[in-house]
Amino acid sequence: RVVSQLLAEMDGLHSSNDVFVIGATNRPDLLDSALLRPGRFDKLVYVGINDNRESQLRVLEAITHKFCLDPAVELSLVLEYCPPALTGADLYALCADAMMAAIKEKIQRLQEGAKEHSTELVLRMEHLLQAAGRLQPSVSQQELQRYEKIRAQFSASSPHNL
1 RVVSQLLAEM DGLHSSNDVF VIGATNRPDL LDSALLRPGR FDKLVYVGIN DNRESQLRVL
61 EAITHKFCLD PAVELSLVLE YCPPALTGAD LYALCADAMM AAIKEKIQRL QEGAKEHSTE
121 LVLRMEHLLQ AAGRLQPSVS QQELQRYEKI RAQFSASSPH NL
């Protein structure tokens with residue numbers, strides 16, 4: 001019923017050239033074939049995970065750009081302690097885990113009577129390295145292989161797919 005409504009709405013959009021419909025899924029193998037007919041979702045783009053350290057570093061820098069990082073933090077070094085195949089969500093989890101460690105540490109210092117002059121939370125290299133040591137990729141190698149097989153199937157079915 002939802003697919004039928006979506007198709008009806010998409011079919012009604014042809015009167016306007018200024019509208020683009022973009023969709024995303026982590027289960028492309030379950031897409032209704034009616035969605036893939038010409039004039040609907042014409043192009044399929046496979047966006048894989050960040051499997052090289054350079055792209056992972058850019059994602060990690062984007063996630064941490066508003067954090068107060070200790071000057072000694074080297075994000076590229078943190079990545080050396082991480083598993084190789086990480087999603088953006090995995091890198092976010094790494095940062096959240098490190099931030100939680102920093103928060104717990106600050107609370108413990110305050111409970112022990114330390115007089116903190118700053119309320120700013122500083123994320124140190126040790127917080128990130130501890131989090132990296134606990135980090136588990138959310139997508140297994142088997143799942144990656146399955147996605148790659150699906151990508152190959154979609155690419156073979158249409159030269160417009162990437």
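Take 1 as the starting number for the sequence shown in UniProt numbering and just add one per residue.
Cβ coordinates follow ideal geometry from the N, Cα and C atoms, glycine included.
Spatial neighbours of residue i within its chain, please: CB distance less than 6 Å, with the 5 preceding and 5 following residues excluded, ordered by chain position.
{"i": "A131", "result": "L94, D97, A98"}
{"i": "Q145", "result": "none"}
{"i": "R37", "result": "none"}
Would you mind giving the Cβ-Cβ distance between residue i and residue j, rounded to the nearest angstrom? I have them listed as a contact below 8 Å.
{"i": "C68", "j": "L121", "result": "6 Å"}
{"i": "L77", "j": "A102", "result": "18 Å between Cβ atoms; not a contact."}
{"i": "E61", "j": "L75", "result": "6 Å"}
Identify whether residue i lies in helix, strand or coil by the three-state DSSP scheme.
{"i": "C95", "result": "helix"}
{"i": "V19", "result": "coil"}
{"i": "V73", "result": "coil"}
{"i": "L60", "result": "helix"}
{"i": "A122", "result": "Inspection of the sequence shows that residue 122 is occupied by Val rather than by Ala. In this structure, V122 counts as strand in the three-state DSSP scheme."}
{"i": "L86", "result": "strand"}
Would you call residue i buried or exposed, if buried means 16 or more other Cβ atoms sit within 10 Å of its Cβ?
{"i": "V45", "result": "exposed"}
{"i": "L110", "result": "exposed"}
{"i": "V73", "result": "buried"}
{"i": "T25", "result": "exposed"}
{"i": "H127", "result": "buried"}
Using a Cβ-Cβ cutoff of less than 8 Å, which residues in the same chain neighbour residue i once the five nearest sequence positions on both sides are dropped?
{"i": "Q56", "result": "N50, L79, C82, L86, L91"}
{"i": "L7", "result": "A34, L35, R40"}
{"i": "K106", "result": "E116, L121"}
Considering only C-alpha positions, which residue in the set the options is nearest to residue i?
{"i": "L31", "options": "V2, T64, F20", "result": "V2"}
{"i": "L135", "options": "G88, N26, K149, P71", "result": "G88"}
{"i": "F20", "options": "L144, E126, D42", "result": "D42"}
{"i": "R27", "options": "G48, D11, G113", "result": "G48"}
{"i": "M125", "options": "N52, Q141, T64", "result": "T64"}
{"i": "E143", "options": "S4, D29, S118", "result": "D29"}
Report all residues from its chain with a CB closer than 7 Å to the CB of residue i; omit the five preceding and five following residues, and keep chain order.
{"i": "P137", "result": "P83, A85, L86, D90"}
{"i": "R151", "result": "Y46"}
{"i": "G23", "result": "F41"}
{"i": "M10", "result": "V21, R40"}
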